[in-house]
Amino acid sequence: MQVQQHPLTGPHSSAAYQLTSFHYGRPGTGKKVYIQASLHADEVPGMLVAQFLRKELAALDAAGRIAGEVILVPAANPIGLAQAIHGAAFGRFDLTTGINFNRSYKHVADDLKKSLDGLLGPDADANVRLIREHARASIAAWQPATDADALKKTLMTLAVDADIVLDLHCDNEAVLHMYAGTPLAEAAAPLAAILGAHALLLAYQAGGEPFDEACSRLWWDLERHFEGRYPIPAACLSTTVELRGEMEVSYALAERDAAGLIQFLTLSGVLRAADADAAAAAAVLPAP
138 MQVQQHPLTG PHSSAAYQLT SFHYGRPGTG KKVYIQASLH ADEVPGMLVA QFLRKELAAL
198 DAAGRIAGEV ILVPAANPIG LAQAIHGAAF GRFDLTTGIN FNRSYKHVAD DLKKSLDGLL
258 GPDADANVRL IREHARASIA AWQPATDADA LKKTLMTLAV DADIVLDLHC DNEAVLHMYA
318 GTPLAEAAAP LAAILGAHAL LLAYQAGGEP FDEACSRLWW DLERHFEGRY PIPAACLSTT
378 VELRGEMEVS YALAERDAAG LIQFLTLSGV LRAADADAAA AAAVLPAP
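Numbering of the sequence shown is given in my numbering, commencing with residue 138 and proceeding in unit increments.
Structural data, given as structure tokens:
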């Protein structure tokens, strides 16, 4: 396991912020998974789930049971964590710009439609590798104008080339539910079943450029742009998981949700089960 610190500084910043990411497994040896919590910094349930994930992923990494790479960001918004109004936490909107921290991410497909012209071919796997390479370059070229943009660029740098992206949120009052792109419905269904989600809400384009869509929509946007001339799969399962309501915070719920995420990653082939029995158990989905 490695810990990385990412300084966040806009061009005219009067404050210094730092994002911490935890890295498990080895890059390039399998699927890449990115998990973040509390992008809306005053949403606590996901942050507690992330603490249970840290413990479990560290043990799995030490045992050599991670077949790929898992990046975990337990507190994805240090800027929002520093914001308060009259003593009350205020982590949903950037006080400087008024913009929601889960909006206005860069839609890299706009750049890639030009940069990929004439480069794609008949091999779907080769196309995926090329698209990810160009997506990383597009994010690297992004020039943030504010601290919030610097945060968004850092999060996208960590996530834009991942196979699986899980963005952990909560609502004011809600049952557990999820958001995903319509082309990801089949891929997201096992996670919804494992977590006991009451609804999986789908859209081709939700609007506002939220984080999860910035990681996934580029794939079907490019497929549509190139009119099916090249095989371009929906290569990133990116979903927002709403972990019930903001007051539903407990060790029991967080441990259960973390165990569900571990089961899903095992089912997805990212984590190796300890034995055949454990692998079989991980593949058993709850009844809908």
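Just so you know, even glycine gets a beta-carbon here, dropped at the ideal spot from N, CA and C. All of these numbers come straight from a predicted model, not from anything done at the bench.
Going by CA-CA distance only, name the one from the options that's closest to residue i.
{"i": "D254", "options": "F401, L359, L422, A277", "result": "L359"}
{"i": "W279", "options": "T166, D247, V265", "result": "D247"}
{"i": "G162", "options": "R393, G344, P144, L209", "result": "L209"}
Residue i lies in the alpha helix (DSSP H); which residues open and close that run?
{"i": "L307", "result": "The sequence as given places Cys at residue 307; Leu does not occur at that position. Counting along the chain, C307 falls outside any alpha helix (DSSP H), though it belongs to the beta strand (DSSP E) covering 301-308."}
{"i": "R381", "result": "R381 -> not in any alpha helix (DSSP H); beta strand (DSSP E) instead, spanning 374-382."}
{"i": "S353", "result": "348-362"}
{"i": "E270", "result": "261-277"}
{"i": "L209", "result": "Note, L209: premise wrong, no alpha helix (DSSP H); beta strand (DSSP E) at 205-210."}
Could you tell me if residue i is buried or exposed, where buried requires 16 or more neighbouring beta carbons within 10 angstroms of its beta carbon?
{"i": "T377", "result": "buried"}
{"i": "M293", "result": "buried"}
{"i": "L374", "result": "buried"}
{"i": "T403", "result": "buried"}
Is residue i helix, strand or coil when you go by DSSP?
{"i": "P423", "result": "coil"}
{"i": "G183", "result": "helix"}
{"i": "A317", "result": "strand"}
{"i": "E193", "result": "helix"}
{"i": "L398", "result": "helix"}
{"i": "G217", "result": "helix"}
{"i": "E385", "result": "coil"}
{"i": "K94", "result": "Absent from the structure is residue 94, since the part of the chain shown begins at 138 and ends at 425."}
{"i": "Q188", "result": "helix"}
{"i": "S252", "result": "helix"}
{"i": "L328", "result": "helix"}
{"i": "L439", "result": "The requested residue 439 does not occur in the structure, where the chain is confined to residues 138 to 425."}
May I ask which residues mark the beginning and end of the beta strand (DSSP E) holding residue i?
{"i": "A340", "result": "336-340"}
{"i": "L145", "result": "139-145"}
Residue i and residue j: beta carbons closer than 8 angstroms?
{"i": "A351", "j": "V265", "result": "no"}
{"i": "P211", "j": "L156", "result": "no"}
{"i": "G318", "j": "S275", "result": "no"}
{"i": "H177", "j": "R240", "result": "no"}
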